[in-house]
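If you read the sequences in order, they're chains Y and E.
The first sequence runs 1 to 397 under our numbering.
The second sequence runs 398 to 794 under our numbering.
Quick reminder that beta carbons are idealized off the backbone N, C-alpha and C, glycines included.
Quantities reported herein were computed from a predicted structural model and do not represent experimental measurements.
Below: one structure, written as C-alpha cells.
Number of protein chains: 2
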Amino acid sequence: MDVAEPLKGVTVLDFGQVYNGPYCGFLLAQAGARVIKIESTKGETLRGPGRPVNGTYPFATLNRGKECITLNIKKKEGQNLVRRLVEHADVLLENFAPGTLAKYGLGSDELRTINPELIYASSTGYGGSGRYKDYLGMDITLQAMTGIMSVTGQADGPPQKAGAALCDFLGGIHTYAGIVSALYERERTGIGSTVDVSMQDCVFPTLLTQLGAYFQQGEQRPRTGNRHAGLAAAPYNVYEAKDGHVAIISIREGHWRKLCEAMGEASLASDERFSSVHLRSKNMDELDAKVEKWTRRHNKAEIFSKAQAFGVICAPVQNLEDVVNDPHLHERGSLVWQKHEGVGEAVFFNTPIRFKGKNTPYLKEVASLGEHSNAILSEMLGLGKEELEVLKKEDVI
Amino acid sequence: MDVAEPLKGVTVLDFGQVYNGPYCGFLLAQAGARVIKIESTKGETLRGPGRPVNGTYPFATLNRGKECITLNIKKKEGQNLVRRLVEHADVLLENFAPGTLAKYGLGSDELRTINPELIYASSTGYGGSGRYKDYLGMDITLQAMTGIMSVTGQADGPPQKAGAALCDFLGGIHTYAGIVSALYERERTGIGSTVDVSMQDCVFPTLLTQLGAYFQQGEQRPRTGNRHAGLAAAPYNVYEAKDGHVAIISIREGHWRKLCEAMGEASLASDERFSSVHLRSKNMDELDAKVEKWTRRHNKAEIFSKAQAFGVICAPVQNLEDVVNDPHLHERGSLVWQKHEGVGEAVFFNTPIRFKGKNTPYLKEVASLGEHSNAILSEMLGLGKEELEVLKKEDVI
Chain Y
1 MDVAEPLKGV TVLDFGQVYN GPYCGFLLAQ AGARVIKIES TKGETLRGPG
51 RPVNGTYPFA TLNRGKECIT LNIKKKEGQN LVRRLVEHAD VLLENFAPGT
101 LAKYGLGSDE LRTINPELIY ASSTGYGGSG RYKDYLGMDI TLQAMTGIMS
151 VTGQADGPPQ KAGAALCDFL GGIHTYAGIV SALYERERTG IGSTVDVSMQ
201 DCVFPTLLTQ LGAYFQQGEQ RPRTGNRHAG LAAAPYNVYE AKDGHVAIIS
251 IREGHWRKLC EAMGEASLAS DERFSSVHLR SKNMDELDAK VEKWTRRHNK
301 AEIFSKAQAF GVICAPVQNL EDVVNDPHLH ERGSLVWQKH EGVGEAVFFN
351 TPIRFKGKNT PYLKEVASLG EHSNAILSEM LGLGKEELEV LKKEDVI
Chain E
398 MDVAEPLKGV TVLDFGQVYN GPYCGFLLAQ AGARVIKIES TKGETLRGPG
448 RPVNGTYPFA TLNRGKECIT LNIKKKEGQN LVRRLVEHAD VLLENFAPGT
498 LAKYGLGSDE LRTINPELIY ASSTGYGGSG RYKDYLGMDI TLQAMTGIMS
548 VTGQADGPPQ KAGAALCDFL GGIHTYAGIV SALYERERTG IGSTVDVSMQ
598 DCVFPTLLTQ LGAYFQQGEQ RPRTGNRHAG LAAAPYNVYE AKDGHVAIIS
648 IREGHWRKLC EAMGEASLAS DERFSSVHLR SKNMDELDAK VEKWTRRHNK
698 AEIFSKAQAF GVICAPVQNL EDVVNDPHLH ERGSLVWQKH EGVGEAVFFN
748 TPIRFKGKNT PYLKEVASLG EHSNAILSEM LGLGKEELEV LKKEDVI
C-alpha cells in the first residue's frame, strides 16, 4: 500500500513543548513534512531534566520522526542561528509562554523580513490579542476557564476536569489546521501568514449542547453526570453491566425502537410513557432502570455486539488496558507496538489524519537531545566541525 | 483589518449532520470556502423535525454562512443530482452512518470516476477499516470506548463522561485538517484523496498523561479527580475560593517558587517537605491544604490576576454565564453577540483557526431548509423553473 505524505517537501522548525506544540509537529511529521525539533541545551520540559535521556512515553510518542537539535535562544549566537535556519524553512511552530520568541528578536514580524514566505504559528492559552494575551495557561487551567469543569461531574459534586488533556490537543490540531491552511493559501499568494491559535477559543465549540440548553433556558442547570447535558434525550446514559459499564445513546425514534428490539422487549417501543423523546426524557429514571435491568444481565462485550447488530449506538466503557489492546485500532494501523530506548515496549499511536487506501509513514524512534545538531547545522548552514565545537563549548548548541 | 480567507475559491458539498461534520463545514466556510449544505427534504437531525424552522442554537451556530439545499439521496434522481454537483465541487464532506453514501452509489470510488480531483472526506465513529468499521458511534459512546470515562471522575465514583462533546469536535477538526492537507497535495499531484477520520483515533492521543503512567506502572491506577493523572505533580488541583473555585498547576520548580511568592509565603519554597516535585507529590495532601488555606481567603478574580502577575499558571472555574460573557473572548473577536431568527439574541463563536492581523469573515445567519435549492441547482446545473418544480413535487428536492 502507498504511504500518504501530503506535506512532503515542507520543512518545519518545531519549538514545541509538552503536548500542544509537539502534537502539531507530530502531525506535520506524519503528513510527510521534515520536522526539525529545536530544544534548549537542557532539553524541553517533557524530555528533561531529571528524566531518562530519551524521555518518558509521552515524550517518545509525540516526538518520533523528528530530527532533534539544540539551540540556546537566550544567546545572541543562538538567535542568529534561528534567523539563518528560517531562510530554509517553510514553517516555524512554537508554544512558548506568550512573547518569549519576540523577546529574543524572533517574533513573526522580524522573521518574516528574513523570509516572507514563512508560516509562523503560535499556539498559546489565550491567543495573541485581547486582555489575557500575556497570561499563562495549561490544560487544567484552560478546562477551568472554558467552562468544561462546570459541566463535568455530578450535580451534587464539585466541578470536575475531564481526564483527557483536551485543551492541549485541541490546540495542537487547530494549529496544524492553521498551518496547512496557510500553506495552501501561500500556493496562490506566495506570502506566509502568522497562525494565532488560542486553546480557549478551541474549547468553546465543544460545549455546544450545554450552550444550547443555556440560551434556551436562560440559565445553567446543575451538572447531569452521564446523562444528556440538557436532560432532553433518553435513554442516554452509562449503565452497569455484569462486568463493568456500557454507554447507550438514542436520539431519534428509530434508535429507541431498535434498542427495545435488542433488549427483547419490542412492545416497550409502543409504551405510552416512552412514546416520544419528550416523554422519555420526562420519565428518564423509570426508563434508565428498565435499560439497566437488561444490561445488568449481560457482559459488556455481549451488549456491544448485540446492540450494534440491531443498529443501537452503544459501546463498552473501556479502561486503558482495553484501549491499548483494542483489536480494531491495531487492525486499522492506528496503534502499533514498538520498543523505544528508555521506554521499553509500548503502544504508539499514528496520525488520526488518515487517507483511504494509504498507510501512515513509518516514524523513527525519538532522537536523543541534540542528536542531529551537527548534521543539520552543517547541511543547512554549512557550518564546519570547528565552528560546531566552539558553539558547543559556549553552550549555544 | 483584512479578512483571512485561505480557502477562497474552494467549493464544498457538506452532507454533515449534528456536530462532527457540520463543525468541519463551519471551519471550511469561515476559511473562505463556499459551503453548500445538503440536507434531506426533512432537514438533518439537528435542524428538525419537531424543532423551529431554522433550528436551535447548536444548529444555528454551526451552520452559519452555508448555502442550504435539499436533495433526497434515496431517490435515483437525487443521486444523479449529487453526481452532477460533484463535477463542480472540490470537496465532499459527510458523517453519515458508515456506508450510507456507498449504498446509494455515491461512494468515494464512484464519485472520483466523475471528478478525479474530488476530495472525499468521511468522518465516522470508528473509521473506514478494521473490524468495527460498520459500527455506529456518537460522542458519549466514543467517550466510553476510548477510555475517557475510565480516567474522568473520582476514585470511588463511577466512570464519568467529560461534559464537552470532545469526540465530535476532535473528529470535525481532524477532518478539516485532512481536507486541507489533501487540497495542498492536490496542488502538486492534480488528484484528490479520500480522507478517512475515525473519532476513536482522534481521542487516543489526548490520554497521553494516563498512558504514560500506565506504561510506567504496568497498570491503570484509580481515577484522580482534579489531581495530576499520575499523581506526579503538585500543586495541581482545583481549590476552593471565597466565591467558587480556581485551578492551579505547577510543573517546574519555578512555578512552585512563584506560587509561594504569590501566596506571600516565600519561605515555603525552601521547606524540606516541598523541595522537589517528588516530595511535593508525596506530601500532596498537606500541600493542597496550604494552597487552599490561601485561596479560601480570596475571590476567584483576585486570585487569577494576582497569580498571573506572579507568573503562576492559574484560572478561575468559570460557569457558562462567565464564559459567554468572557471579556477577553469578545475583545479578541472569538465570540460575537448576534440575533438569529428562531434563536433570538445569543453568543456565536468564530473559527478558532485565526491569523494575526486579520479578521474572521462575517458569516450570514443560518439559512432555512432548502433556501438555496433553486438558486444553486439553476446556477451550477442549469436547471430551469419547470424542472425544479417537478423535482420539488416528486420530493427529490
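Interface flag, residue i vs chain E, CB-CB below 8 Å
i, result
"I148 (chain Y)", "yes"
"R332 (chain Y)", "yes"
"G178 (chain Y)", "yes"
"A102 (chain Y)", "no"
"Q308 (chain Y)", "yes"
"P235 (chain Y)", "no"
"P352 (chain Y)", "yes"
"A269 (chain Y)", "no"
"G99 (chain Y)", "no"
Close Cβ partners of residue i (< 7 Å) along its chain, the five nearest in sequence each way excluded
i, result
"L142 (chain Y)", "G125, C167, M199, Q200 and V203"
"P602 (chain E)", "none"
"A182 (chain Y)", "I119, G192, S193 and V195"
"F746 (chain E)", "T458, S731 and L732"
Within chain Y, partners of residue i - CB distance below 7 Å
i, result
"P403 (chain E)", "S181, A182, Y184 and E185"
"C711 (chain E)", "T141"
"Y416 (chain E)", "L208"
"G440 (chain E)", "Going along chain Y, no residue has its Cβ under 7 Å from G440 (chain E), so there is no contact; the nearest lies around 13 Å."
8 Å CB neighbourhood of residue i in its chain, flanking five on each side removed
i, result
"G21 (chain Y)", "D14, F15, L93, E94, N95, S123, G172 and T175"
"G370 (chain Y)", "E39, T41, C68, I69, T70 and I397"
"V483 (chain E)", "L410, L489, L508, I511, N512 and L515"
"N469 (chain E)", "S437, T438, G475, D792, V793 and I794"
Any chain Y beta carbon closer than 8 Å to residue i
i, result
"Y420 (chain E)", "yes"
"P758 (chain E)", "no"
"Q614 (chain E)", "no"
"Y636 (chain E)", "no"
"L608 (chain E)", "yes"
"N623 (chain E)", "yes"
"L490 (chain E)", "no"
"G550 (chain E)", "yes"
"V594 (chain E)", "yes"
Closer than 7 Å at the beta carbon, the chain E residues around residue i
i, result
"S193 (chain Y)", "F752"
"R34 (chain Y)", "Residues of chain E passing the Cβ test: none, with the nearest at roughly 15 Å."
"F15 (chain Y)", "None at all; the shortest Cβ gap to chain E is about 17 Å."
"E321 (chain Y)", "Q617"
"H298 (chain Y)", "Chain E residues near H298 (chain Y): none, gap ~15 Å exceeds 7 Å."
"H174 (chain Y)", "I570, P749 and I750"
Secondary structure of residue i, DSSP reduced to three states
i, result
"R34 (chain Y)", "strand"
"L598 (chain E)", "Reading off the sequence shown, one finds Asp at residue 598 (chain E), where the question assumed Leu. The answer is helix: DSSP assigns D598 (chain E) an H, G or I state."
"P22 (chain Y)", "helix"
"N771 (chain E)", "helix"
"L388 (chain Y)", "helix"
"F493 (chain E)", "coil"
"V479 (chain E)", "helix"
"D640 (chain E)", "coil"
"E799 (chain E)", "Residue 799 (chain E) lies beyond the stretch modelled for chain E, which goes from 398 to 794, so this question has no answer here."
"V277 (chain Y)", "helix"
"S505 (chain E)", "helix"
"H174 (chain Y)", "helix"
Cutoff 6 Å; reference residue i; Cβ partners in own chain excluding five residues on either side
i, result
"A402 (chain Y)", "A question about residue 402 (chain Y) goes unanswered here, because the residues of chain Y that appear run from 1 up to 397."
"H88 (chain Y)", "M380"
"I313 (chain Y)", "I249"
"A644 (chain E)", "V635 and A712"
Where residue i meets chain E, residues with beta-carbon distance less than 8 Å
i, result
"N63 (chain Y)", "Within 8 Å Cβ-Cβ: nothing; N63 (chain Y) doesn't reach chain E, min ~12 Å."
"S108 (chain Y)", "K753"
Proximal chain Y residues relative to residue i, where beta-carbon distance stays under 8 Å
i, result
"Q715 (chain E)", "A144, M145, T146, G147 and S150"
"H642 (chain E)", "A144, M149, P158 and P159"
"L726 (chain E)", "G130, Q200, D201 and F204"
"V688 (chain E)", "None at all; the shortest Cβ gap to chain Y is about 14 Å."
"G587 (chain E)", "The premise fails here: G587 (chain E) is roughly 13 Å from chain Y at the closest Cβ pair, so nothing lies under 8 Å."
Residue i: contacting residues in chain Y (beta-carbon distance under 9 Å)
i, result
"T408 (chain E)", "Near T408 (chain E) there are no residues of chain Y at all, since even the closest Cβ is about 14 Å away, more than 9 Å."
- prompt: Using Cβ-Cβ distances below 9 Å, what residues of the segment 117 to 144 of chain Y are close to chain E?
  reply: Y120, S122, G125, Y126, G127, G128, S129, G130, R131, Y132, K133, D134, Y135, L136, G137, M138, D139, I140, T141, L142, Q143 and A144
query: Looking at chain Y, which residues of the segment 647 to 661 of chain E have a Cβ within less than 8 Å of any of its Cβ atoms?
result: I648 and R649
Near-chain Y residues of the segment 733 to 746 of chain E (beta-carbon distance less than 9 Å), N- to C-terminal order: V740, G741, E742, A743, V744 and F746
- request: Give, in chain order, every residue of the segment 451 to 479 of chain E whose Cβ lies closer than 8 Å to some Cβ of chain Y.
  value: T453, Y454, P455, T458 and L459
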